[in-house]
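Asks: Going by the working numbering, the letters in the sequence shown line up with residues 1126 to 1545, in that order.
Glycine included, C-beta positions come from ideal geometry on N, C-alpha and C.
Since the structure is predicted, the reported quantities are computational estimates derived from the model, not experimental observations.
Let me give you the structure first, and then I'll get to my questions.
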Amino acid sequence: MTSILIKGGTVITAGQSMRADILQVDGVITKVGVVEEVADEIIHGVGYLVFPGLIDCHVHFREPGYEHKATMKSEAASARAGGVTCVCDMPNTKPPTTTITALSDKVRRAQEVTDCDIRFFFGVTSGIHLVTLKDLWTSNSEELQHFKKYCCGVKLYLDHSTGDQKIEEDLIDEVFLACAECKIPIIAHCEDPQINSDAKAANQINDVSAHSANRPSKSEAIAIKKAVALVRKYGTQFHVAHLSSKRGLEEVVKAKEEGLPVTCEVAPHHLLLSTLDYKTLGTLCKMNPPVRSVADNEALWQALEDGTVDCIATDHAPHTLAEKQEGNPLDAPSGVPGVETALPILLNRLKPERIYELMFANPNRIFNLGKEDLVIGSKANIVIVDPTIKKKIHAVDLHSKCDWTPFEGREVRGEVVRVL
Ligand code: DOR
Ligand code: ZN
């Protein structure tokens, strides 16, 4: 039996935070409040924040197929170092997670990883995948029910991005209907293929900044609008991935005002980076959807603060530095890492209670992850954070296999002291 007592930390839970001791015995919380017991280890928590293990509902851990970029093991270590102990991994691996065989292989691999609880989105690009998905959700087979436990919903790419997982357009309606019937949450990459291809054809610029002009914010707004029309039609639970623009945000606000089951997430890179950063970062700030204007950054911060945004998700998407830097910049792969740096970036500007909602309570609810709060009987991971430490982000201190960060040199706040 191993017991750990955290004395005097500020425990962040639903409602309000409270000063409390926490006793954890063999991974289970047995006491919360004033705890006088002796324990094998005592952590002096005064001045520290104590969160339940955080959730990042949008990552690309690259395994299988792209282990030269990252592995579940390497990125799970990176997540944990950033206080994240549960992630939802995207289907654009090789093979893509569009079959039971691919899902079961990922589930098997994830069992080997102890740092992090890895769940998976199922991908749908053509009709056969939808048939499989319905089977996964409704079958009585014990085997399928087992795999379903690790599947947090469906990912749809409404336009091409890394991994070419764009859904066939005439299938979209059917997927929204099926997911409404089976109560499967949809998360979608919202960019409109027609608007993107028109913008690209019209664009004269040839450096990396063309990437933002080639994928304009109107494309995001229209894609969200079309998806919301299907939510209105069928009642599907719909989550907008990596919302990046003020225009896109306006569509989400309208849907929410209408009372539709629409939620959204924002990635730290769309809060901190803008088109101004192409000059210094080049392809290291190339991602989909692309960086926008400083006004877009501010609109997203505002929406985080006023409660419109439901989740922070990092879209952690490691590529090697060589892949990012060789060849024509516009052909460089899109995506940036971020799972380890989200928490200190947020602590710089948001209250811990809001971070708890954005990176625990809301993703937990939206994707039915079943993670537990810091209460008696809970097996939750416990993340202990010193919020007073100010530091700069440096890639050498991070754990992702890719070994770079678009936030190099940024001043942030807070350090993860321990994860239990
Ligand atoms: O920037 C991105 N990178 N956007 C995506 O949609 C995919 C991701 C990746 O897998 O690299
Ligand atoms: Zn992504």
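Is any heavy atom in the ligand ZN found nearer than 6 angstroms to the beta carbon of ASP1440?
Replies: Yes, the Cβ of ASP1440 comes within 6 angstroms of a heavy atom of the ligand ZN.
Asks: Considering GLY1373, what are the terminal residues of the alpha helix (DSSP H) in which it resides?
Replies: Its alpha helix (DSSP H) spans residues 1371–1382.
Asks: What separation, rounded to the nearest whole angstrom, lies between the Cα atoms of VAL1550 and LEU1255?
Replies: Missing from the structure shown is residue 1550; the chain here goes from 1126 to 1545 and no further.
Asks: Pull up the CB-CB distance for LYS1194 and CYS1527, whole angstroms please, since I reckon it's below 8 angstroms.
Replies: Right, their Cβ atoms sit about 6 angstroms apart.
Asks: Output the boundary residues of the beta strand (DSSP E) element that contains LEU1179.
Replies: That run of the beta strand (DSSP E) goes 1179–1184.
Asks: Using 8 angstroms for Cβ pairs, my map puts ASP1511 next to TYR1173. What's the rounded Cβ distance?
Replies: About 6 angstroms separates the two Cβ atoms, so the contact holds.
Asks: Based on the DSSP secondary-structure assignment, which residues constitute the bridge partners of GLU1536?
Replies: The partner list for GLU1536 (beta bridge, DSSP) reads LYS1517.
Asks: What is the DSSP secondary structure of GLY1252, counted as helix, strand or coil?
Replies: Residue state, collapsed to three classes: helix.
Asks: Just tell me which of ILE1131, PRO1488, MET1215 has its CA closest to the CA of GLY1158.
Replies: Of ILE1131, PRO1488, MET1215, the residue nearest in Cα terms is ILE1131.
Asks: Looking at MET1215 and the ligand ZN, is the gap between the Cβ and the nearest heavy atom below 6 angstroms?
Replies: Yes.
Asks: DSSP on ILE1330, reduced to helix/strand/coil?
Replies: In this structure, ILE1330 counts as coil in the three-state DSSP scheme.
Asks: Please list the segments of the alpha helix (DSSP H) lying wholly inside the stretch 1191–1269, counting only runs of 4 or more residues, in order along the chain.
Replies: Complete alpha helix (DSSP H) runs here, min 4: 1197–1206, 1225–1236, 1252–1263.
Asks: Helix, strand or coil for ARG1474 per DSSP?
Replies: It is coil, neither helix nor strand.
Asks: Please classify LEU1499: does DSSP put it in a helix, a strand, or coil?
Replies: DSSP places LEU1499 in coil when its eight states are reduced to three.
Asks: Let me check understanding here. Comparing Cα to Cα, which of ILE1507, GLY1463, GLY1534 lies closest to PHE1176?
Replies: Of ILE1507, GLY1463, GLY1534, the residue nearest in Cα terms is ILE1507.
Asks: Under the three-state reduction of DSSP, which class applies to GLY1575: helix, strand or coil?
Replies: Residue 1575 is absent from the model: the chain starts at 1126 and stops at 1545.
Asks: What are the residues that DSSP puts in a beta bridge with MET1143?
Replies: DSSP output for MET1143 lists VAL1136 as bridge partner(s).
Asks: Out of curiosity, what's the CA-to-CA distance linking THR1226 and LEU1283?
Replies: Rounded to whole angstroms, THR1226 to LEU1283 spans 24 angstroms at the Cα level.
Asks: If GLU1533 and HIS1519 are in contact, beta carbons under 8 angstroms, what's the gap, nearest whole angstrom?
Replies: Their Cβ separation, rounded to whole angstroms, is 7 angstroms, which keeps GLU1533 and HIS1519 in contact under 8 angstroms.
Asks: Quick check for students: name the residue ranges of the beta strand (DSSP E) that lie wholly in the stretch 1384–1421, counting only runs of 3 or more.
Replies: Taking only runs of at least 3 residues, the beta strand (DSSP E) segments lying wholly in the stretch 1384–1421 are 1387–1391.
Asks: If you measure between the beta carbons of ALA1088 and PRO1414, is that distance less than 7 angstroms?
Replies: No statement about residue 1088 is possible, as the shown extent of the chain runs from 1126 to 1545 and does not include it.
Asks: Mind checking whether the beta-carbon of THR1445 lies closer than 6 angstroms to any heavy atom of the ligand DOR?
Replies: It does not: the Cβ of THR1445 is nowhere closer than 6 angstroms to a heavy atom of the ligand DOR.
Asks: Return the CA-CA distance between SER1142 and ALA1457, expressed in angstroms with no decimal places.
Replies: Answer to the nearest angstrom: the Cα atoms are 44 angstroms apart.
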